[in-house]
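A.B. asks: Below you will find the structure I want to go over with you.
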Amino acid sequence: MTSVTPAARPARTPPLAEPSGWHEIHLTVNGEPVTAQVESRLLLSDFLRDRLRLTGTHVGCEHGVCGACTVLVDGTPVRSCLTLAVQCEGAELRTVEGLARPDAPLTPVQEAFHTCHGMQCGFCTPGFLMTATALTEQDERPDDTEVADALSGHLCRCTGYRGIRRALGRALDETYETATDSQHPQHSQQDSRQGE
Amino acid sequence: MPAPWIGRPVPRVEDDRLLRGNGRYVDDIELPGAAEAAVLRSPHAHARVESVDVTAALEAPGVLAVWTGADVAHLAPLLNKEELRTPPRLAELLDPRVATTPMPLLATDKVLYVGQPVAIVFADSRYLAEDALELVDVRYAPLPVLVDPDRALADDAPLLHEDLPDNTAVAVAAQVGDPAAAFAAAHTVISEEFQAHRYVASPIETRAVAARVDPYSGDLTVWSNTQTPHRVRESIATTLGLDAESVRVIATDVGGGFGQKGILYVEEMLIPYAAGKLGRPVVWREDRGENLTAASHAREQIHRIELAADADGRLLAVRDRITVNFGAYNMTGLVVPYNSLCHLLGPYRIPNVDIDVLGVLTNTAFATPYRGAGRPETVFAMERAMDRLAAQLGLEPAELRARNLIGPDDMPYTTGLVDRSGNPQSYDSGDFPELLRRARAKVDTTRREPREGKHIGVGYAMYIEATGLGPFETARIDIAPSGRVKLAIGAPSQGQGHRTSMAQIAADALGVPLDVIDVVGGDTSATPFGVGTIASRALVNAGNATHRAGRLVREKALDAAARRLSVPAAELTLTEGVFTTKEPDGPTLTLAELAGRAPLPDTPEPTDGRYGTELSETVHFRPPGFAVASGAHAAVVEVDEHTGELEILQYVVVHDAGVIVNPLIAEGQVTGGIAQGIGGALYEEMIYGPDGQPRTGTYMDYLVPTSSEIPDLDMDEIHSPSPMNDLGVKGLGEGGAIAPQAVLANAVEDALRPFGVVVRRGPLSPSRIRDLLRTAPATH
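Just so you know, the protein sequences line up as chains A and B, in that order.
Numbered according to numbering that gives the first Met the number 0, the first sequence spans residues 0 to 195.
Numbered according to numbering that gives the first Met the number 0, the second sequence spans residues 0 to 779.
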């Protein structure tokens, strides 16, 4: 079954009387190649949301503190509100829409946020999910300090973080305890999940 | 019979969509051709607007329109009539003064706070709109600035609103017994001044509004991340001169509200107006700087409080002079001040009471209800005063509390005050001694060995919360032809999980599986009336409306099924969506078979004349009184005397919210509330300079706690069902946020007892703790 991913849709370039320069960028978003004309000053968050209509990436503060807009750029969590779209030439991006395909079950990280009530309004959730996903894709299980550091890059105003910490703990347990001799446990899971 | 859904920790049905990035928050809604708006805000705290020149802005690329105050001066200014209304009985008994300060949609002659909307630009994109904002040329003539509410009350203070006699927004007072005599005869009297500092709700999704006029029907659709969509609808209709029915307000996914989105804002009027005027959809989303400085603020109060007690520590009287900093406009009238007044006594028996509250207008952003809405402030004052009294009497603070608690046998307990509706204030149920007993049993000060330069302290605080504010909430249930159940309620969700908890209530009331129920909250086209999700009221009001509507539809369905099956209705039951008779092999009928009968050629004429079963009911639940929730919190902290650093070693919460519908959601609500309370207690403060300039306008300065700052909680609960509603439920959305400021202040003061420190305000940042130590009597 072929699933149409949102990123496969052509990026729309609005007919703007834009005062800054325009650039053509080529990148991969959730596994799909994307070519687009973007203004020099266009933020990655706005590019994803307004041009690709990938609105799962949320903008909470526009100054790099709240972490809601976090996406993975070449596997690393990045604030898309502090990144220009033009900086992503040749990059491989993953957003929350790319975690579980529309017709696939939730990933273990997503499932853990559901089971452990690691979310309420859901607005900050995509950012947490991307950082948590990166933590499950390391060679080795991150230690408590690394986990605490990663979590402290995100603000949640609803949960008091209790459910989020539980969810992340559960996702890490599942990921690294089920790992046997594979060096990249989550990578191999990810590959099989994303295989068409 | 399957086990009831109420009481089960059902994982939320709303999660899957949100986890996949398919949430639909206002800014996610696709509106082809939409213009984007940006608001120009006053950089002055108080100034005359001498001129506004938009010529250059209008010529900027992509700009569609630029409006100033003059362009919208013909529209009625903003006035939240529902929130400013004084209930007739309260008016009769206490004769409170409530000044109305209508807010122009865009400032005309004067600006009253930094952040007040002065002009609005509409352009092809937000980028272009913000470019043009910089080209709007406004000339201001600065006026004297009032930030301090005491100063604003001085006789020579300049007036914010020149049509008012002074800067008083509200004034209300209440007495019980003979407080003067009680103070005169008391063994011990303490007199203190405590300040609740200003902090803000700060939902991670900022405010947003989108609007479109439908070219086919001409109707106006507005998406707002409001907590009160019906009130927004009424206000838009009034402002724009439309029938309420031709305005549809939808609160889709909302990224947290906490009260900040529970009032009316000028942008909610401007954006719909623009959609009509510009002939294209319009979208506006606030940025974080706007949210911090110009969306509603909260909490700033001064309490000049006195307690009188006998030699055993029994409370004889309380006197409190409360000043509430309202900011520049009176947006919500008595809500916060009166909450402070009628929650001051908390769980304690106090026979003589003298409370006076003044709301004062200043050149700061307007202050409105935020999670707790006057209760965290008043609990801070009362619970700090209790600790000062305990110190004076040489009693353990927890012991002093225990001696003064109202007991379970006293319920329902009448305080002698009148509640917010103007009725005699009554606590419907609860067991305050048990809350405290459990909290004390949990407190463990031995978790850390004493260390040089570090001091361990324990703090307690207790509160009550009158929840389930009326006047009503609406629920409508329809059984669709497919057999699915459509439940619409007037109260939208901002993360509280109504799609799950309300479905649990409906499933039990109807006798259907949970997964056939679809819940819509906050679409004005789905229920004729509604109030909203504020004041810990949704579960009590919408929950009980849902329960009643469900029972009524169930009766109708049983009648219809009985006729269809030709059996007496009394012999039928509806369980899991299937009608069965008492006999094991009797006839059965599903809800879908009952509801799905269409008038097709081969359908026999029904004996009752009905095809679809018309299984619908709309119920407006009107609570007879408040469902009073309660709680006891305690904390063990360690304070470093050299750095002022504070570590929470243990945080204990024991709460009582009556019957719990979904324990998973309930725990999340309590935990989230406590995290916001800890934020306010230790980190968050919206600071103004004397010039009225906000100094904490970014997340770099305004410190919302992260996971690292919020400890794991030691939680327990008791359940005293409310006799005020069929379900026995009480609200718990706000409870967690009420006590932490008091608990942590009490714990810090206890830890620093060797220095004789008195904590009179927060947040207890390292620098404030160091200040306390530097100025403490024992340090000199």
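Positions of the beta carbon are idealized from the N, C-alpha and C atoms, including for glycine.
Which whole runs of the beta strand (DSSP E) in the segment 313-374 of chain B are 3 residues long or more, in chain order?
C.D. replies: Correct list: 314-326, 351-360.
A.B. asks: Roughly how many angstroms separate the alpha carbons of residue 156 of chain A and residue 600 of chain B, rounded to a whole number?
C.D. replies: Position 157 of the first sequence, counted from the first residue, corresponds to residue 156 of chain A. Position 601 of the second sequence, counted from the first residue, corresponds to residue 600 of chain B. Going by the C-alpha atoms only, they are around 57 angstroms apart.
A.B. asks: In this structure, how does DSSP classify residue 112 of chain A when only helix, strand and coil are distinguished?
C.D. replies: Taking the first residue of the first sequence as position 1, residue 112 of chain A is located at position 113. Reduced to three states, the DSSP call for residue 112 of chain A is helix.
A.B. asks: Evaluate contact between the segment 760-775 of chain B and the segment 664-682 of chain B, counting only Cβ atoms and requiring at least three cross-stretch pairs below 8 angstroms.
C.D. replies: These segments touch.
A.B. asks: What are the start and end residues of each continuous alpha helix (DSSP H) run of 4 or more residues lying completely inside the segment 502-588 of chain B, in chain order?
C.D. replies: With a minimum length of 4 residues, the continuous alpha helix (DSSP H) runs that stay inside the segment 502-588 of chain B are 542-564.
A.B. asks: Tell me which residues of the segment 158-175 of chain A have at least one Cβ-Cβ distance to chain B shorter than 7 angstroms, keeping chain order.
C.D. replies: Cβ contacts with chain B: 158, 159, 160, 161, 162, 163, 164.
A.B. asks: Is the beta carbon of residue 536 of chain B within less than 7 angstroms of some heavy atom of the ligand NAD?
C.D. replies: Looking for the ligand NAD in the displayed structure turns up nothing, as the structure carries no ligands at all.
A.B. asks: DSSP three-state call for residue 392 of chain B: helix, strand or coil?
C.D. replies: As a position in the second sequence, residue 392 of chain B is number 393, starting the count at 1. Correct three-state label for residue 392 of chain B: helix.
A.B. asks: Among B:388, B:430, B:358, which residue has its Cα nearest to the Cα of residue 346 of chain B?
C.D. replies: On the second sequence, position 347 is the one that residue 346 of chain B refers to. When only C-alpha atoms are compared, the closest one is B:430.
A.B. asks: Quick one: does residue 717 of chain B have its CB under 8 angstroms from some CB of chain A?
C.D. replies: To locate residue 717 of chain B, count along the second sequence from 1; it is residue 718. No, its Cβ sits nowhere closer than 8 angstroms to a Cβ of chain A.
A.B. asks: For residue 86 of chain A, count neighbouring Cβ atoms within 10 angstroms of its own Cβ and tell me buried if that reaches 16, exposed if not.
C.D. replies: The residue labelled residue 86 of chain A in the question sits at position 87 within the first sequence. Label assigned to residue 86 of chain A: exposed.
A.B. asks: State the CB to CB distance for the pair residue 331 of chain B and residue 361 of chain B, rounded to an integer number of angstroms; the pair is presumed to be in contact (CB under 8 angstroms).
C.D. replies: Here residue 331 of chain B is taken as the residue at index 332 of the second sequence, counted from 1. Here residue 361 of chain B is taken as the residue at index 362 of the second sequence, counted from 1. Rounded, the Cβ-Cβ distance is 16 angstroms, inconsistent with contact.
A.B. asks: Short of 9 angstroms Cβ to Cβ, which residues in the segment 265-281 of chain B face chain A?
C.D. replies: From the segment 265-281 of chain B, no residue has a Cβ closer than 9 angstroms to chain A.
A.B. asks: In this structure, does DSSP put residue 659 of chain B in helix, strand or coil?
C.D. replies: Against the second sequence, residue 659 of chain B aligns to sequence position 660. Residue 659 of chain B falls in the coil class under three-state DSSP.
A.B. asks: Any beta carbon of chain B sitting closer than 8 angstroms to that of residue 113 of chain A?
C.D. replies: The residue you call residue 113 of chain A lines up with position 114 of the first sequence. Yes, residue 113 of chain A counts as interfacial toward chain B.
A.B. asks: CB-CB under 7 angstroms to residue 104 of chain B, same chain, minus the five flanking residues each way: which ones, in chain order?
C.D. replies: Here residue 104 of chain B refers to the residue found at position 105 when the second sequence is read from its first residue. Excluding residues within five positions, the ones whose Cβ falls inside 7 angstroms are 71, 74, 76, 77, 265, 268, 269.
A.B. asks: Mind checking whether residue 10 of chain B and residue 751 of chain B have CB atoms under 8 angstroms apart?
C.D. replies: Residue mapping note: residue 10 of chain B aligns to position 11 of the second sequence, counting from 1. Residue mapping note: residue 751 of chain B aligns to position 752 of the second sequence, counting from 1. For residue 10 of chain B and residue 751 of chain B, no; Cβs fall outside 8 angstroms.
A.B. asks: At the 8 angstroms Cβ level, is residue 87 of chain A part of the contact set with chain B, yes or no?
C.D. replies: Taking the first sequence and counting its residues from 1, the one referred to as residue 87 of chain A is at position 88. No, because no Cβ of chain B sits closer than 8 angstroms to the Cβ of residue 87 of chain A.
A.B. asks: If I'm right that residue 673 of chain B touches residue 718 of chain B with Cβ under 8 angstroms, what's the distance once you round it to whole angstroms?
C.D. replies: Counting from one through the second sequence, the residue named residue 673 of chain B turns up at place 674. Counting from one through the second sequence, the residue named residue 718 of chain B turns up at place 719. Going by Cβ atoms, the distance from residue 673 of chain B to residue 718 of chain B rounds to 19 angstroms, so no, they are not a contact pair.
A.B. asks: CA-CA distance, residue 503 of chain B and residue 542 of chain B?
C.D. replies: Counting from 1 along the second sequence, the entry for residue 503 of chain B is found at position 504. Counting from 1 along the second sequence, the entry for residue 542 of chain B is found at position 543. C-alpha separation (whole angstroms): 10 angstroms.
A.B. asks: For a contact defined as C-beta to C-beta under 7 angstroms, what are the partners of residue 61 of chain A on chain B?
C.D. replies: In the first sequence, residue 61 of chain A corresponds to position 62, counting from 1. Neighbours of residue 61 of chain A on chain B, chain order: 286, 287.
A.B. asks: State the DSSP-derived secondary structure class of residue 296 of chain B, mapped to helix, strand or coil.
C.D. replies: In the second sequence, residue 296 of chain B corresponds to position 297, counting from 1. Residue state, collapsed to three classes: strand.
A.B. asks: Compare the C-alpha of residue 277 of chain B against each of B:122, B:336, B:706 and name the closest.
C.D. replies: In the second sequence, counting from the first residue as 1, residue 277 of chain B sits at position 278. It is B:122.
A.B. asks: Looking at the C-beta of residue 19 of chain B, does it have a partner C-beta in chain A at a distance below 8 angstroms?
C.D. replies: One-based indexing of the second sequence puts residue 19 of chain B at position 20. Closer than 8 angstroms to some Cβ of chain A, the Cβ of residue 19 of chain B qualifies, so yes.
A.B. asks: Taking 8 angstroms as the cut-off, does the segment 200-213 of chain B touch the segment 276-296 of chain B (at least 3 CB pairs, one atom from each stretch)?
C.D. replies: Counting Cβ pairs under 8 angstroms, three or more are found: they touch.
A.B. asks: Could you work out which residues of chain B lie near residue 64 of chain A, taking near to mean beta carbons separated by less than 7 angstroms?
C.D. replies: As a first step, residue 64 of chain A is located in the first sequence; it is residue number 65 there, counting from the start. Under the 7 angstroms cutoff, chain B gives 698, 699.
A.B. asks: Quick one: does residue 76 of chain A have its CB under 8 angstroms from some CB of chain B?
C.D. replies: As a working mapping, residue 76 of chain A is identified with position 77 in the first sequence. By this cut-off, residue 76 of chain A is not an interface position.
A.B. asks: Please identify the residue among B:711, B:487, B:533 whose C-alpha is closest to the C-alpha of residue 258 of chain B.
C.D. replies: Indexing the second sequence from 1 puts residue 258 of chain B at position 259. If we check each option's Cα against that of residue 258 of chain B, B:533 comes out closest.
A.B. asks: Using 8 angstroms for Cβ pairs, my map puts residue 273 of chain B next to residue 282 of chain B. What's the rounded Cβ distance?
C.D. replies: Counting from one through the second sequence, the residue named residue 273 of chain B turns up at place 274. Counting from one through the second sequence, the residue named residue 282 of chain B turns up at place 283. Rounded, the Cβ-Cβ distance is 10 angstroms, inconsistent with contact.
A.B. asks: What separation, rounded to the nearest whole angstrom, lies between the Cα atoms of residue 521 of chain B and residue 250 of chain B?
C.D. replies: For the purposes of this step, residue 521 of chain B is taken as residue 522 along the second sequence, with counting starting at 1. For the purposes of this step, residue 250 of chain B is taken as residue 251 along the second sequence, with counting starting at 1. So the alpha carbons of these two residues sit roughly 5 angstroms apart.
A.B. asks: Counting pairs of beta carbons, one from the segment 135-142 of chain A and one from the segment 1-16 of chain B, are three or more of them closer than 8 angstroms?
C.D. replies: No: the two stretches stay apart, fewer than three of their Cβ pairs being nearer than 8 angstroms.
A.B. asks: I'd like the ranges of any beta strand (DSSP E) spanning at least 3 consecutive residues and lying wholly in the segment 139-170 of chain A.
C.D. replies: Qualifying beta strand (DSSP E) stretches: none in this window.
A.B. asks: Helix, strand or coil, according to DSSP, for residue 129 of chain A in the structure here?
C.D. replies: Counting from one through the first sequence, the residue named residue 129 of chain A turns up at place 130. Three-state result, residue 129 of chain A: helix.
A.B. asks: Of the choices B:279, B:206, B:317, whose alpha-carbon is the least far from that of residue 262 of chain B?
C.D. replies: Counted from its first residue, the second sequence places residue 262 of chain B at position 263. Answer by Cα proximity: B:206.
A.B. asks: Taking only beta-carbon positions, decide if residue 47 of chain A is within less than 8 angstroms of chain D.
C.D. replies: This model lacks chain D altogether; the protein chains it does include are A and B.
A.B. asks: Figure out for me which residue from A:41, A:31, A:119 has the closest Cα to the Cα of residue 124 of chain B.
C.D. replies: Translated into positions along the second sequence, residue 124 of chain B becomes position 125. Among A:41, A:31, A:119, the Cα nearest to that of residue 124 of chain B belongs to A:41.
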